[in-house]
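Below is one structure; the comments refer to it alone.
Number of protein chains: 2
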Amino acid sequence: MGSTQDESLSTFKILVATDNHLGVWEKNPERGNDSFETFEEVLAIAVEQDVDFILLEGDLFHENKPSRQCVLRCMELLKKCTHGDKSVQFDFLSDAAENFKHIKNPVVNYMDPNLNIGVPIFSIHGNHDDPSGLGQHCALELLSSSGLINYFGKTSDLKDINIMPLLLEKGETKFAIFGLSSIKDERLFRLFKEGKVKMLRPKEYEDKWFNLMVLHQNHNKQCGMINHIPESFLDNFLDLVVWDHEHECILQAQVPHESAPDSFHVIQPGSSVATSLCAGKAVPKQVALLEVFKRKFSITPVDLKTVRPFVFAMVSLSDHDLDDATSIMENSPVENFVEEKVRDMIKESETQITGHSKQPKKPLIRLRVEFSNEAQMFNVVRFGHKFAEVVANPEDMILFKKEKKEVKKDELGIDNDAMDAAFNDMEVEETRVEDLVRQYFAGIENQVQNLSLLSERGLCGER
Amino acid sequence: MGSTQDESLSTFKILVATDNHLGVWEKNPERGNDSFETFEEVLAIAVEQDVDFILLEGDLFHENKPSRQCVLRCMELLKKCTHGDKSVQFDFLSDAAENFKHIKNPVVNYMDPNLNIGVPIFSIHGNHDDPSGLGQHCALELLSSSGLINYFGKTSDLKDINIMPLLLEKGETKFAIFGLSSIKDERLFRLFKEGKVKMLRPKEYEDKWFNLMVLHQNHNKQCGMINHIPESFLDNFLDLVVWDHEHECILQAQVPHESAPDSFHVIQPGSSVATSLCAGKAVPKQVALLEVFKRKFSITPVDLKTVRPFVFAMVSLSDHDLDDATSIMENSPVENFVEEKVRDMIKESETQITGHSKQPKKPLIRLRVEFSNEAQMFNVVRFGHKFAEVVANPEDMILFKKEKKEVKKDELGIDNDAMDAAFNDMEVEETRVEDLVRQYFAGIENQVQNLSLLSERGLCGER
Numbered sequence: 001m002g003s004t005q006d007e008s009l010s011t012f013k014i015l016v017a018t019d020n021h022l023g024v025w026e027k028n029p030e031r032g033n034d035s036f037e038t039f040e041e042v043l044a045i046a047v048e049q050d051v052d053f054i055l056l057e058g059d060l061f062h063e064n065k066p067s068r069q070c071v072l073r074c075m076e077l078l079k080k081c082t083h084g085d086k087s088v089q090f091d092f093l094s095d096a097a098e099n100f101k102h103i104k105n106p107v108v109n110y111m112d113p114n115l116n117i118g119v120p121i122f123s124i125h126g127n128h129d130d131p132s133g134l135g136q137h138c139a140l141e142l143l144s145s146s147g148l149i150n151y152f153g154k155t156s157d158l159k160d161i162n163i164m165p166l167l168l169e170k171g172e173t174k175f176a177i178f179g180l181s182s183i184k185d186e187r188l189f190r191l192f193k194e195g196k197v198k199m200l201r202p203k204e205y206e207d208k209w210f211n212l213m214v215l216h217q218n219h220n221k222q223c224g225m226i227n228h229i230p231e232s233f234l235d236n237f238l239d240l241v242v243w244d245h246e247h248e249c250i251l252q253a254q255v256p257h258e259s260a261p262d263s264f265h266v267i268q269p270g271s272s273v274a275t276s277l278c279a280g281k282a283v284p285k286q287v288a289l290l291e292v293f294k295r296k297f298s299i300t301p302v303d304l305k306t307v308r309p310f311v312f313a314m315v316s317l318s319d320h321d322l323d324d325a326t327s328i329m330e331n332s333p334v335e336n337f338v339e340e341k342v343r344d345m346i347k348e349s350e351t352q353i354t355g356h357s358k359q360p361k362k363p364l365i366r367l368r369v370e371f372s373n374e375a376q377m378f379n380v381v382r383f384g385h386k387f388a389e390v391v392a393n394p395e396d397m398i399l400f401k402k403e404k405k406e407v408k409k410d411e412l413g414i415d416n417d418a419m420d421a422a423f424n425d426m427e428v429e430e431t432r433v434e435d436l437v438r439q440y441f442a443g444i445e446n447q448v449q450n451l452s453l454l455s456e457r458g459l460c461g462e463r
Numbered sequence: 001m002g003s004t005q006d007e008s009l010s011t012f013k014i015l016v017a018t019d020n021h022l023g024v025w026e027k028n029p030e031r032g033n034d035s036f037e038t039f040e041e042v043l044a045i046a047v048e049q050d051v052d053f054i055l056l057e058g059d060l061f062h063e064n065k066p067s068r069q070c071v072l073r074c075m076e077l078l079k080k081c082t083h084g085d086k087s088v089q090f091d092f093l094s095d096a097a098e099n100f101k102h103i104k105n106p107v108v109n110y111m112d113p114n115l116n117i118g119v120p121i122f123s124i125h126g127n128h129d130d131p132s133g134l135g136q137h138c139a140l141e142l143l144s145s146s147g148l149i150n151y152f153g154k155t156s157d158l159k160d161i162n163i164m165p166l167l168l169e170k171g172e173t174k175f176a177i178f179g180l181s182s183i184k185d186e187r188l189f190r191l192f193k194e195g196k197v198k199m200l201r202p203k204e205y206e207d208k209w210f211n212l213m214v215l216h217q218n219h220n221k222q223c224g225m226i227n228h229i230p231e232s233f234l235d236n237f238l239d240l241v242v243w244d245h246e247h248e249c250i251l252q253a254q255v256p257h258e259s260a261p262d263s264f265h266v267i268q269p270g271s272s273v274a275t276s277l278c279a280g281k282a283v284p285k286q287v288a289l290l291e292v293f294k295r296k297f298s299i300t301p302v303d304l305k306t307v308r309p310f311v312f313a314m315v316s317l318s319d320h321d322l323d324d325a326t327s328i329m330e331n332s333p334v335e336n337f338v339e340e341k342v343r344d345m346i347k348e349s350e351t352q353i354t355g356h357s358k359q360p361k362k363p364l365i366r367l368r369v370e371f372s373n374e375a376q377m378f379n380v381v382r383f384g385h386k387f388a389e390v391v392a393n394p395e396d397m398i399l400f401k402k403e404k405k406e407v408k409k410d411e412l413g414i415d416n417d418a419m420d421a422a423f424n425d426m427e428v429e430e431t432r433v434e435d436l437v438r439q440y441f442a443g444i445e446n447q448v449q450n451l452s453l454l455s456e457r458g459l460c461g462e463r
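Protein chains in written order, with full-length UniProt numbering: chain A, 1 to 463; chain B, 1 to 463.
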């Protein structure tokens, strides 16, 4: 893409990043800088790649009320990156008073005659930095009020959502960005079901626009039917959806991987920092370079090099023949085994060293140890002392979990077909647990089937 | 001043305001806007008067951690006033890296090539908005980081204070501003006593500079010897001192009214909003227009017209012949008397109506009622209901105070001369209550005088 001169002049080049979670672990002397270092790297990539703009997709801040220091550090980084003489090469065609109507002085920052903006940033809010408190403002507004970012996609009417896209134009490319800042999944699910979410497409040159949707919601079914947004809810006219909130980085341009019509692609850049120590956060962190020429696009993942090495592993003690015996004088065989495993993981973390001068070297280590017998457990904090100098999280490297006895699903005696029918028929906006139970019994009709105790998972519909 | 063409080109015109206390009473539906309306007026006066810059002297925010809405409203007002094409007519000669060394990117905002600043603001912090929390940042830094104000006078070393002045030049006038942001009075008192507060004067053209000092400390003795800064502590080379923190507006240019050498003038602009309902806050609110040509200056007070009317009065029931009798059916004679008094005060408040469209009309009323007999009290909240539509603070108009029986000071039997001697001799940095008591007894030596119980006031030295 962008091979000919004309194409290049009409190609939007955008850095897409999300879930930077500035301020996470801020008070931890070892890890307090991590989120800032990587955010600085993200911004530096944007400058280096000479992008037209940066698209941030929520959870810029980890805390709803970030510390003053956190906001200040963020402002300083943004000012350094966004201010400058580089001239912005695209036009802003939509009505800023509509796109930014939640702001007193609604103007796109690079067209503010009193600011010299070289790299504009557009951002929606996430679930961590959503509006709260007096006047329902969010932390991003501290940035947009001073012209550091363009904050869009804030919904003022939570009963009827009209998404006004940002309309941008660069040469021959017309680019519409439909932003929807984070809303409680259940509420948004209902609004979609009720047809209360409308995307306002420009009438003119309707087929010429590259339509991007940006949202910060659960993508996958978590627990339950209604606390995520199925791809099938989204309009078919979209070309690409950037789905955020889930922290795993999935950046290969891909066709929808669920039941939606084969109409748009979905990418999920994932977080730039490990906010918690689980398997999904141990995949390499990347940002996306999105290039758009007319209605074609390409995605180039860019590895982040300042991210702290993180190795996650699981081990089940019952798979290993270990003596439970402990004595006060020496470590138990289990502890020795775990120690060896941790040392292997530390060694493995070295493969994640990138050579970037600002990458913290001490790795995050998380070993999930499944045990069947409490006698196998040991004091993990004391255990951590041995690694205080080489690991970033010595105190919580080891997570003991009791092995679960597997229960075969059909032993529960739930009529899954009746459950499915109940869920599929329901008018979501009216669903109450009572109705669900009634429908379930209506479904099984006169079958000779006993009432089983429904677990929470059963009620939520995940089978 | 400024009568000839040359003088005019060399005359600094500065709006001086302080203690705006943005966000005070923010959650009160009637009074929540007051601080913002008046701050907007202050900024508008600056624009209308075409000043060179605005000097704010602390307590811009009422809360150390102002609400997000409060910061946002402040940012919006500042942006509207300070951004613009007006060209700044004075040069900044001092080293911004020194004046603003607490900021990541220390530059005076109107010389930042990426900002278009027409009306620069310089501000110190007060005791309400002083640094706190992680990294010891103050709320003003949210404004200075985004280039909305120039925050100066922050002291990083609380053991040794070197005040680097802002050095400004306009035509023939050289203007040095020594800013000292709020520090605990007791600590600053000690530092002055120890000679640890130094003002770094420019050597060049030493006698040509107009030297202004800005500080936000207790000016008058409150309770005690050491929790205010005596004028005698300040250097004689100063021409003018702007003293803030105390809310009463005293704007006539005046000679020092205490023991300081007859060397500098002191003004005290006072707060722009009534933060509490006492006599000192019921004087008219003003800001100062300060004009400086070479080493001459003039002060022009400017009335603020959006300030809510406020009438304060005191009444002693024992001065009036009122029957204490109450009945359930009708108001007591005292209540009727107080009601009449309040109605007079409301009438009096009308004289404070300025005609400004944004001035709130419902007055603040505070009547302090001194009683000698509890039976004279009545329910002030129920009383307030009658005035709910005409008064801004119906629930706390009336403050009952028990009349004090006057005790003649010398009945206490304290040897005031010995107390004075003890205070004057003491090395302040070493003072402990034990020493003070010892010194007191040393002072009275062999006099036949009994030990009296010292009240707190006695201990603090206020007699």
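Ideal Cβ positions, reconstructed from N, Cα and C, are used throughout, including at glycine.
| message | Judging by CA-CA distance, which residue of B:Glu-40, B:Pro-333, B:Ile-117 is the nearest neighbour of Ala-17 of chain B? | response | B:Glu-40
| field | Cutoff 8 Å: Asn-68 of chain A Cβ touching any chain B Cβ | value | Going by the sequence as given, residue 68 of chain A is Arg instead of Asn. Chain B contact via Cβ: present.
| said: Counting only beta-carbon separations shorter than 8 Å, does Gly-133 of chain B have a partner in chain A? | reply: yes
| query | Going by DSSP, what residues sit across from Asp-91 of chain B in a beta bridge? | reply | B:Glu-169.
| Inter-residue spacing [alpha-carbon to alpha-carbon] between Phe-210 of chain A and Pro-165 of chain A | In this model, Phe-210 of chain A and Pro-165 of chain A are separated by some 11 Å (Cα to Cα).
| request: Look at Ala-388 of chain A and Met-345 of chain A and say whether their C-beta atoms are less than 8 Å apart. | output: In this structure, Met-345 of chain A does not lie closer than 8 Å to Ala-388 of chain A by Cβ.
| C-beta contact flag for Met-397 of chain B and Arg-366 of chain B at 8 Å | yes
| field | Whole alpha helix (DSSP H) elements within the segment 296-362 of chain B, 4-residue minimum | value | 333-349
| said: Can you tell me whether Asp-95 of chain A is buried or exposed? The criterion is at least 16 other CB atoms within 10 Å of its CB, across all chains shown. | reply: exposed
| Where Val-71 of chain A meets chain B, residues with beta-carbon distance less than 8 Å | Leu-142
| So, is the C-beta of Gly-58 of chain A closer than 8 Å to a C-beta in chain B? | no
| field | Nearest-angstrom Cα separation, counted from Leu-191 of chain A out to Gly-135 of chain A | value | Whole-angstrom Cα-Cα distance: 23 Å.
| Going by alpha carbons, who is nearest to Leu-56 of chain A out of A:His-137, A:Asp-6, A:Val-119? | A:Val-119
| query | With burial defined as no fewer than 16 other Cβ atoms inside 10 Å of the residue's Cβ, what is the status of Glu-141 of chain B: buried or exposed? | reply | buried
| task | Report yes or no: is there a C-beta of chain A within less than 8 Å of the C-beta of Asn-211 of chain B? | result | no
| Rounded to a whole number of angstroms, what is the C-alpha to C-alpha distance between Asp-303 of chain A and Gln-286 of chain A? | When rounded, the distance between both Cα atoms is 4 Å.
| request: Specify whether the segment 153-164 of chain B and the segment 142-155 of chain A touch according to this definition: at least 3 beta carbon pairs, one from each stretch, less than 8 Å apart. | output: Segments in contact, no.
| message | Against Lys-104 of chain B, what residues of chain A qualify as contacts under a CB-to-CB distance less than 7 Å, listed in chain order? | response | Within chain A, the residues whose beta carbon sits less than 7 Å from that of Lys-104 of chain B are Glu-76, listed in sequence order.
| task | Keeping to the same chain, check which residues put their C-beta closer than 6 Å to that of His-102 of chain A; ignore five residues upstream and five downstream. | result | Lys-154
| message | So His-137 of chain A contacts chain B; which residues on that side make the cut at Cβ distance below 7 Å? | response | Taking a Cβ-Cβ threshold of 7 Å, the residues of chain B close to His-137 of chain A are Arg-68, Gln-69, Leu-72, in chain order.
| request: Measure the Cβ-Cβ separation of Gln-217 of chain A and Ser-272 of chain A and say whether it is below 8 Å. | output: no
| request: Determine the burial state of Ser-10 of chain A: buried for a count of at least 16 other Cβ atoms within 10 Å of its Cβ, exposed for fewer. | output: buried
| message | Between the alpha carbons of Asn-33 of chain B and Phe-12 of chain A, how many angstroms are there, rounded? | response | 44 Å
| In or out: Gly-179 of chain A buried (at least 16 other Cβ within 10 Å) or exposed? | buried
| request: Indicate whether Ala-392 of chain A and Glu-37 of chain A have their beta-carbon atoms separated by less than 8 Å. | output: no
| request: Closer than 7 Å by C-beta to Val-390 of chain B: which residues in its own chain qualify, once you throw out the five before and the five after it? Chain order, please. | output: Ile-346, Lys-362
| Span of the alpha helix (DSSP H) around Ser-8 of chain B | Looking at the DSSP string, the run of the alpha helix (DSSP H) that includes Ser-8 of chain B is 5-9.
| Spatial neighbours of Asp-91 of chain B in its chain, beta-carbon cut-off 6 Å, leaving aside the 5 residues before and after | Glu-169
| How many whole angstroms separate the CB atoms of Val-214 of chain B and Ile-124 of chain B, which I take to be in contact at a CB cut-off of 8 Å? | 6 Å
| message | Contact criterion: CB-CB distance below 8 Å. Does Ser-145 of chain B meet it with respect to chain A? | response | yes
| request: For Pro-360 of chain A, collect the residues of the same chain with a Cβ closer than 6 Å to its Cβ; drop the 5 residues on either side in sequence, then sort them by chain order. | output: Arg-308
| query | alpha helix (DSSP H) containing Lys-401 of chain B: first to last residue? | reply | Counting along the chain, Lys-401 of chain B falls outside any alpha helix (DSSP H), though it belongs to the beta strand (DSSP E) covering 398-402.
| query | Which residues in chain A sit within 7 Å of His-83 of chain B, going by Cβ to Cβ distance? | reply | Asn-114
| According to the Cβ coordinates, are Ala-46 of chain A and Ile-54 of chain A closer than 8 Å? | yes
| task | Provide the residue span of the beta strand (DSSP E) that contains Asp-244 of chain B, from first to last. | result | 240-244
| Counting only beta-carbon atoms, is Ser-35 of chain B nearer than 8 Å to chain A? | no
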